[in-house]
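In what follows, a structure is listed as structure tokens, so that the remarks can point back to it.
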Amino acid sequence: MHKIAEDLTRMLGAERTLWEPEHLATYGFDGTATLYGQAGCVVLPKTGTEVSQVVRYAAQNRIPVVARGSGTGLSGGSVPVPGCIVLCLVQMDRVLELDHKNLTIHVESGVVTQKVAELAEAAGLLYPPDPGSMKVSTIGGNVAENSGGLRGLKYGVTRDYVMGLEVVLANGEIISLGNKCVKDVEGYSMKDIFIGSEGTLGIITKVLLQLVPRPRARKTLLATFSQMDAAAETVSAIIAAKVIPCTLEFLDQITMKCVDEYAHLGLPLNAEAILLMETDGHPAVVEEEAQQMAEIARNHGATAVQMAQSAEEAAQLTAARRMAFSALARVSPTTILEDATVPRSELASMIRFIQQTAAKYALTVGTFGHMGDGNLHPTFLTNEKDAAEMARVEKAMEDIFDHAVKLGGTITGEHGVGLAKKAFLPKAVGTASLELMRQLKRTLDPDNILNPGKIFD
Amino acid sequence: MVTDEELHRAAIEIGRANPEGRQGAAKYLRRLDYSVLQQCIHCGMCLPTCPTYEETKLERNSPRGRIALMRRIADGHLEVTQAFGQELYFCLGCLACETACPADVHYGEMLEQARADIEQTGVLRNLVRDLVRALTLGWMFTSPRVLRAVGRLIWLYQATGPESLVRQLKLTRLLPKRLRDLEPLMPRVQWHFTDGLIEPVETPANQKYRVGLLTGCVQDLAFSQVNRDTADVLLANDCEVVTPRAQFCCGSIHTHNGEVDLAKALARRTLDSFDLEQLDAVVTNAAGCGTHLKSVGHLLQDDPAFAARAAKWSEKVRDIHEWLAEIGIREPAASIPQKVTYHEACHLYHGQKINRQPRQVLKAIPGLELVELPESVWCCGSAGIYNITQPEMAQKLLRRKIENIATTMVPVVAAANPGCSMQLQAGVREANLKVKIVHPISLLAQAYRNAETR
């Protein structure tokens, strides 16, 4: 056992201090393809005080600390810096309070997102952010990455629901930020600095979340388009008509083909796109908006529009979208899921560019995603053992990110920068913005022990 | 800023193999088609469905963690170590991860290869383990005669008095804890083995199909009546039943425990005992055997003498519920007015994706009310011989299962795997529940019989 492991074992006990190679290898990665780093030690604290003790020890000895939850991230944010201490927070999973009067829930950061959603549902409420990994991911990880999901267009992202945080700072100090008040302008909104900070500014140990009343009704539609542009125009027209659906998701032709090969749903394979639309809220409004969306889709060139008449039918219509990622992931050994995002108005142009780029570099790229908020998931189906192809993947990604930025978009809509997008960040945000981030980092973490080397160097 | 040197110092101890444990070089994992290992995208969707991860919340105890270790070994970054061996035998092999996996990772296949490497390198060897494995995997489960002789001994123990004496006097207290815990898991051995209950060929009045019946080994000892019931149900559904005598263990237990060569030998034996060309299907009523038998094509793919037959075999093997659903279940004329709940055997639900068909069988019985069991797909802890090798974890899972059964307040649990049945029987006995464990097919057979005697 090495010195660090000995010290940490004294602090947390042998069961929650892992240092053997057979443990370390299993914490060497997150959900991102091809990234690996080996920690020196993994600890599993159960309280904020224990987190504070570990961080204090790390600060004294200048050892990097990488926080993680379930390790489902898609940009390498929680991949260990070699030799670091990994703070795995999954055992901090207590639900502290569900406040029915103020519509809030207070949980420790290791609680799985799905659990928050279930508790809210049982109380007749809704926790809207629904990232694809919510059955596995922890709420602390969601806050650190500011995760999105399928309902972003109408309900926003994780940040919009965080009312308060408990954070352990780089010197080990525990601070509490925010409260249950809807209005609060006491100085800078410090909690917001930690949301999406990817573990580089502090370790989130508790989260206070806002919940909303559960919508009483929901209606699901599926439209087929022979042209991708028509699908994109439909989306723009729906929003121009002042309808804000909770879901506007699309699948391109390659994704549809993969889904159909896998699940035999009988998808329209000669179509360029299908668009899944959902509206929720008051039953009368939902009915009216569903009719309106169907009409807009038809007027903009939809070749078919199906409207679900029951919950079962709705489940059938959403099946293809739900299976999109699985269907793509099983095609090839390595699956790289990207999240370039552009303003809605530029969607069709961006999708076309992705298709052209895939053809240019002879790659297979299936694209699906959140059409309502311009968040695309070009998914590269490749093989990391094929060095030549991986080099082409790199080039294609760079082209795609450049184009997204040119269109006024972003290189990452919901996955974060981490390691995977680090090289692209300077060009995307510019020197001044990057320097501001660096200054903030230096202020909060002068010794650079919190997740060093992530987002920027 | 942290300097490179500081980082280096912190990292200095890392990557060293555990000096205390034994090590060996991988053979099977290194040979495994790399695309099988690489298919895992480490998304973590398997985590919440894995019973061992749920219990410990440690990555190593999850499918994703275990695959990461296998990959490190295949890549040559890690040797096969004692800790690796212990980890891979801590896995239940319930395959819940395969159901949850979006990327279609063949975890079961990888687990078999990993365990083969663990045995091949000998990292877990010790005297007791070697002896137990030689006696069971090498001797008992390779010969039907030996197995039946052992069965007879257990029958004598159970039927002629010693068992009740032992239990009344609590003589098991004299045994070491490990053995004491095993006593309640001992199967209730029947006097008649399958061959005494089923003729080599039985033909219905109105024959439409001809099927081979696999009688299993544990099934044959402890649940030979389930085999008779299976034959009855097949006959009632117009299938001629061909039952080869003194069938060998199919080798399922051997593949799951790293004895690939023995498994291959037993698979060849099993193939030899059926005339495939004459059969529409080969039917099994044991979930664990079914999953394995369907993969025999894969197991023997490199065996020139057997590959073609094995492939054909895999196509023809059917779980009994699957087969009945395929040919259409004849509804019995008599009813069983009874509430029944259904426990999903892992190797039916996760291993063969069969969950609709057993319910179809139960619902075909007039009067029977199917009450869904909470967490019906969560492993009961039997997992082959897991309840013997990992009693602590197995006991936790069993308690959870029994608590769920208790909440249904239903007196009958239908389960379609001999391992689960024995485990659940031990569980309800320990909890003092008045609950019977039956095979779904036995209920259907009972309904047919009720109609005849009416």
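Line by line, the protein sequences are chains A and E. So that you can map any letter, position 260 of the first sequence is 260 in the working numbering, and since no number is skipped, the others follow by simple counting. Here the working numbering = 1-based position in the second sequence + 1000. All C-beta atoms, glycine included, are put in the ideal place defined by N, C-alpha and C.
Near residue 159(A), which residues of its chain fall below 6 angstroms by C-beta distance, leaving aside the five closest residues on each side in sequence? Numbered from 1 along the first sequence, position 159 holds the residue referred to as residue 159(A). Excluding positions up to five away in sequence, the list reads 146 and 195.
Limits of the unbroken beta strand (DSSP E) element including residue 280(A): The residue given as residue 280(A) occupies position 280 in the first sequence. Unbroken beta strand (DSSP E) run through residue 280(A): 273-281.
Please compile the residues from chain A whose C-beta is within a distance smaller than 9 angstroms of the C-beta of residue 1318(E). Here residue 1318(E) corresponds to residue number 318 of the second sequence, with the count starting at 1. Those do not exist, as residue 1318(E) stays about 21 angstroms from chain A at its closest Cβ, beyond 9 angstroms.
Residue 176(A) lies in the beta strand (DSSP E); which residues open and close that run? As a first step, residue 176(A) is located in the first sequence; it is residue number 176 there, counting from the start. Segment 174-178, the beta strand (DSSP E) holding residue 176(A).
Can you find a CB in chain E that lies within less than 8 angstroms of the CB of residue 302(A)? Locating residue 302(A) in the first sequence gives position 302, counting from the first residue. Residue 302(A) does not count as touching chain E.
Alpha carbon of residue 1255(E) to alpha carbon of residue 222(A), nearest angstrom: As a working note, residue 1255(E) is residue 255 in the second sequence. As a working note, residue 222(A) is residue 222 in the first sequence. In a straight line, the C-alpha of residue 1255(E) is about 46 angstroms away from that of residue 222(A).
Please state whether DSSP places residue 307(A) in a helix, a strand or coil. The residue given as residue 307(A) occupies position 307 in the first sequence. Three-state result, residue 307(A): strand.
Local Cβ density within 10 Å of residue 433(A), reported as buried at 16 or more and exposed below that: What you label residue 433(A) is simply residue 433 of the first sequence in a count that begins at 1. Here residue 433(A) is exposed: its Cβ has fewer than 16 other Cβ atoms, across all protein chains shown, within 10 Å.
Taking 8 angstroms as the CB-CB limit, is residue 334(A) close to chain E? For the purposes of this step, residue 334(A) is taken as the residue at position 334 of the first sequence. Output row for residue 334(A): interface = yes.
With distances taken Cα to Cα, identify the nearest neighbour of residue 347(A) among 233(A), 15(A) and 148(A). Mapped onto the first sequence, residue 347(A) falls at position 347. The shortest Cα separation from residue 347(A) among 233(A), 15(A) and 148(A) belongs to 233(A).
In whole angstroms, give me the CA-to-CA distance for residue 238(A) and residue 294(A). For the purposes of this step, residue 238(A) is identified with residue 238 of the first sequence, where counting begins at 1. For the purposes of this step, residue 294(A) is identified with residue 294 of the first sequence, where counting begins at 1. Each residue's alpha carbon lies about 10 angstroms from the other.
C-alpha gap between residue 141(A) and residue 1407(E), whole angstroms: In the first sequence, counting from the first residue as 1, residue 141(A) sits at position 141. In the second sequence, counting from the first residue as 1, residue 1407(E) sits at position 407. Between residue 141(A) and residue 1407(E), the C-alpha separation is close to 35 angstroms.
How long is the line joining the alpha carbons of residue 1195(E) and residue 1245(E), rounded to whole angstroms? To locate residue 1195(E), count along the second sequence from 1; it is residue 195. To locate residue 1245(E), count along the second sequence from 1; it is residue 245. Going by the C-alpha atoms only, they are around 6 angstroms apart.
Tell me, to the nearest whole angstrom, how far the beta carbon of residue 1418(E) is from that of residue 1296(E); I am working on the premise that it is less than 8 angstroms. Residue numbering aside, residue 1418(E) sits at position 418 when the second sequence is read from its first letter. Residue numbering aside, residue 1296(E) sits at position 296 when the second sequence is read from its first letter. Not confirmed; about 19 angstroms, so no contact.
Whose CA, out of 174(A), 225(A), 149(A) and 175(A), lies closest to the CA of residue 374(A)? Your numbering for residue 374(A) matches position 374 in the first sequence. If we check each option's Cα against that of residue 374(A), 149(A) comes out closest.
Beta carbons nearer than 8 angstroms to chain E: which residues of the stretch 385-409 of chain A have them? Under the 8 angstroms Cβ criterion, the stretch 385-409 of chain A contributes 385.
Classify residue 261(A) as buried or exposed, calling it buried when 16 or more other Cβ atoms lie within 10 Å of its own Cβ. On the first sequence, residue 261(A) is found 261 positions in, with the first residue counted as 1. Only exposed fits residue 261(A), as fewer than 16 other CB atoms lie within 10 angstroms of its CB.
Proximal chain A residues relative to residue 1045(E), where beta-carbon distance stays under 8 angstroms: The residue given as residue 1045(E) occupies position 45 in the second sequence. Within chain A, the residues 133, 135 and 136 have their CB atoms less than 8 angstroms from the CB of residue 1045(E), given in chain order.
Taking 8 angstroms as the CB-CB limit, is residue 20(A) close to chain E? As a working note, residue 20(A) is residue 20 in the first sequence. Chain E contact via Cβ: present.
Stretch pair the stretch 1287-1295 of chain E + the stretch 1346-1354 of chain E: three plus CB contacts closer than 8 angstroms: The stretch 1287-1295 of chain E is in contact with the stretch 1346-1354 of chain E.
Using only CA atoms, which one of 355(A), 427(A) and 245(A) lies nearest to residue 151(A)? Walking along the first sequence from the start, residue 151(A) turns up at place 151. Of the listed residues, the one whose Cα sits closest to residue 151(A) is 245(A).
Three CB pairs or more closer than 8 angstroms across the stretch 399-408 of chain A and the stretch 13-27 of chain A: Remark: fewer than three beta-carbon pairs, one from each stretch, lie closer than 8 angstroms, so the stretch 399-408 of chain A and the stretch 13-27 of chain A are not flagged as touching.
Beta-bridge partners of residue 369(A), as assigned by DSSP: Walking along the first sequence from the start, residue 369(A) turns up at place 369. 250(A) and 376(A), per the DSSP bridge assignment.
Please confirm whether residue 1019(E) has its beta-carbon closer than 8 angstroms to some beta-carbon of chain A. Within the second sequence, numbered from 1, the residue matching residue 1019(E) stands at position 19. With a pLDDT of 39 at residue 1019(E), under the threshold of 50, the predicted position of this residue should be treated as unreliable, and no value is reported.
Rounded to whole angstroms, what is the Cα-Cα separation between residue 1050(E) and residue 1096(E)? On the second sequence, residue 1050(E) is found 50 positions in, with the first residue counted as 1. On the second sequence, residue 1096(E) is found 96 positions in, with the first residue counted as 1. The straight-line gap from Cα to Cα measures roughly 6 angstroms.
As a quick exercise: from 412(A), 438(A), 418(A) and 439(A), pick the residue whose alpha carbon is nearest that of residue 428(A). Within the first sequence, residue 428(A) is the residue found at index 428, counting from 1. Distances from the alpha-carbon of residue 428(A) to those of 412(A), 438(A), 418(A) and 439(A) put 412(A) closest.
Roughly how many angstroms separate the alpha carbons of residue 49(A) and residue 306(A), rounded to a whole number? The residue given as residue 49(A) occupies position 49 in the first sequence. The residue given as residue 306(A) occupies position 306 in the first sequence. If I take the Cα positions, the gap works out to 54 angstroms.
Whole angstroms are fine: how far does the CA of residue 1143(E) sit from the CA of residue 114(A)? Within the first sequence, numbered from 1, the residue matching residue 114(A) stands at position 114. Within the second sequence, numbered from 1, the residue matching residue 1143(E) stands at position 143. Residue 114(A) and residue 1143(E) have their C-alpha atoms roughly 50 angstroms apart.
In this structure, does DSSP put residue 8(A) in helix, strand or coil? The residue labelled residue 8(A) in the question sits at position 8 within the first sequence. In this structure, residue 8(A) counts as helix in the three-state DSSP scheme.
My output table needs one value for residue 136(A): the three-state DSSP class, helix, strand or coil. The residue given as residue 136(A) occupies position 136 in the first sequence. Secondary structure at residue 136(A): coil, using DSSP grouped into helix, strand and coil.
What residues from the stretch 69-81 of chain A come within 7 angstroms of chain E, judged by C-beta to C-beta, listed N to C? Against chain E - using a Cβ distance shorter than 7 angstroms - the residues of the stretch 69-81 of chain A are 70, 71 and 72.
Under 8 angstroms Cβ-Cβ, which residues of chain E neighbour residue 23(A)? Here residue 23(A) refers to the residue found at position 23 when the first sequence is read from its first residue. Neighbourhood of residue 23(A) in chain E, by CB distance below 8 angstroms: 1058, 1059 and 1060, in chain order.
Chain A contact for residue 1065(E) (CB, 8 angstroms cutoff): Position 65 of the second sequence, counted from the start, is the residue given in the question as residue 1065(E). By the rule that beta-carbons nearer than 8 angstroms mark a contact, residue 1065(E) touches chain A.
Given a threshold of 16 other Cβ atoms within 10 Å of its Cβ, counted over all protein chains shown, does residue 403(A) qualify as buried or as exposed? Stepping through the first sequence from its first residue, residue 403(A) is reached at position 403. Buried, by the Cβ-count rule.
For residue 381(A) and residue 400(A), I'd like the C-alpha separation in whole angstroms. The residue you call residue 381(A) lines up with position 381 of the first sequence. The residue you call residue 400(A) lines up with position 400 of the first sequence. So the two alpha carbons sit approximately 16 angstroms from each other.
If I'm right that residue 139(A) touches residue 63(A) with Cβ under 8 angstroms, what's the distance once you round it to whole angstroms? On the first sequence, position 139 is the one that residue 139(A) refers to. On the first sequence, position 63 is the one that residue 63(A) refers to. For residue 139(A) against residue 63(A), the beta-carbon gap comes to about 26 angstroms, at or over 8 angstroms, which does not count as contact.
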